[in-house]
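Residues 191 to 413 in the UniProt record's numbering are what the sequence shown lists, from first letter to last.
The beta-carbon is built from N, C-alpha and C at its ideal position, and this holds for glycine as well.
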Amino acid sequence: DKDLNLTGLTITVTAGPTQEAIDPVRFITNHSSGKMGYALASKALQYGAEVNLISGPVNLEIPAGVNYFPVKSAQEMLAAVQDKWPLSQILIKAAAVADYRVENIASSKIKKQAETLTLKLVKNPDILKWAGEHKQKEQVLCGFAMETENLLTNARQKMQAKNCDLLVANDLTTKGAGFAASTNVATILWPGKELSLPLQSKEDLALHILRACQELYRQKQTE
Ligand code: C5P
């Protein structure tokens, strides 16, 4: 792919789920496999970028050559992003961050007692929103949106609300899209523009996303 050249750029990618502890042995998480984020990290590396991969717990091989930052909770992921975003030209937020965490993590294993057990959850920080609020004008911020209804409308709203330059939207109800699969069906949204991509591997989708990020980055250079 001769159009893609990321030499000289530092790209930070977040990937995987987050794990929110309940007690020392239990946690809340989601089905994210990390495949999309890892495909982005390895393709960015292959096309010349310096890559920071901030990853929740996944069962994937770490692409050789990336700077790897393992995290568990959303709060840890936020801290890592706060560290790396100011030093990056592009941030791609492919991670499936838990929206809520347990308010009080039990310090010892919760015993089986009553018939019901209530966990109080509190909102996690929105990492993408933080990154949008701290974006310099030459930086490119790419978010993801997984929806099960009104995909493009919600995605456009999300892009605005989080001050993203582009957003990759995918419908979890589409066959071959979403978490565990090696393929994805997605639409890449820019302000006033959209690119609907057919079913393809997460590696091929990663190349489309990186090309879009590069195009926006170059545009910003000339503005
Ligand atoms: O609002 P929603 O979770 O659907 O937005 C998805 C996008 O926001 C993804 O790019 C995800 O990584 C990011 N996100 C985040 N922090 C959260 C929740 C979502 O960075 N707490």
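Distance cutoff 8 Å, beta carbons only. Does residue 225 sit that close to anything in chain C?
Looking at the structure shown, chain C is missing, and only one protein chain is on hand.
Any heavy atom of ligand 1 closer than 7 Å to the Cβ of residue 334?
Annotation for residue 334 indicates a beta carbon within 7 Å of some heavy atom of ligand 1.
What did DSSP end up calling residue 223 once you bin it into helix, strand or coil?
Coil at residue 223, not helix or strand.
Per the contact definition of three or more C-beta pairs closer than 8 Å, is the region 193-202 in contact with the region 240-252?
The region 240-252, when compared against the region 193-202, does touch it at the 8 Å Cβ threshold.
Where residue 350 falls: helix, strand or coil (DSSP):
Correct three-state label for residue 350: helix.
Considering only their Cβ atoms, is the gap separating residue 261 from residue 280 smaller than 8 Å?
Not in contact: residue 280 and residue 261 (Cβ atoms no closer than 8 Å).
Anticipated Cβ contact below 8 Å, residue 285 with residue 267, distance rounded
Confirmed, Cβ separation roughly 6 Å.
Quick check: what's the CA-CA separation for residue 370 versus residue 223?
Near 5 Å, if we compare the C-alpha coordinates of residue 223 and residue 370.
Helix, strand or coil for residue 305 per DSSP?
In the structure shown, residue 305 sits in coil (DSSP, three-state: anything other than H, G, I, E or B).
Got a sec, what are the start and stop residues for the beta strand (DSSP E) residue 209 sits in?
First-last for residue 209: undefined, no H or E at that position.
Enclosing beta strand (DSSP E) for residue 300 [first to last residue]:
Residue 300 -> no beta strand (DSSP E), and no H or E assigned at all.
Segment contact, 8 Å Cβ cut-off, at least three pairs: the region 344-356 with the region 379-386
At 8 Å Cβ cutoff, the stretches touch.
If you follow the alpha helix (DSSP H) that residue 368 is in, where does it begin and where does it stop?
From DSSP, residue 368 is part of no alpha helix (DSSP H); its letter is neither H nor E.
Which same chain residues end up closer than 8 Å to residue 364 when comparing Cβ atoms and leaving out the 5 residues on each side of it in sequence?
Correct list, in chain order: 375.
Distance between beta carbons of residue 212 and residue 296, contact taken as under 8 Å:
About 7 Å separates the Cβ atoms of residue 296 and residue 212, confirming a contact at the 8 Å cut-off.
Is residue 412 helix, strand or coil when you go by DSSP?
Residue 412: helix per DSSP, three-state reduction.
Beta-carbon separation (whole angstroms), residue 328 vs residue 265, contact threshold 8 Å
That belief does not hold up - the Cβ atoms of residue 328 and residue 265 are roughly 28 Å apart, past 8 Å.
Any heavy atom of ligand 1 closer than 7 Å to the beta-carbon of residue 385?
The beta carbon of residue 385 sits no closer than 7 Å to any heavy atom of ligand 1.
Please go through the same chain and pick out, in chain order, the residues whose beta-carbon is closer than 7 Å to the beta-carbon of residue 372, but skip the five residues on each side of it.
Hits under 7 Å: 225, 391 and 392.
What is the residue span of the beta strand (DSSP E) that residue 380 lies within?
Annotation for residue 380: the continuous beta strand (DSSP E) segment containing it runs 373-380.
Taking buried to mean at least 16 other C-beta atoms within 10 Å of its own C-beta, is residue 299 buried or exposed?
Classification for residue 299: exposed.
Identify, in the order they occur along the chain, each residue of the same chain with its Cβ nearer than 7 Å to the Cβ of residue 348, setting aside the five sequence neighbours on each side.
Excluding sequence neighbours, residue 348 sits near 333, 335 and 357.
Residue nearest to residue 313 in terms of C-alpha spacing, selected from 290, 319, 323 and 305
Residue 313 has its Cα closest to that of 290, out of 290, 319, 323 and 305.
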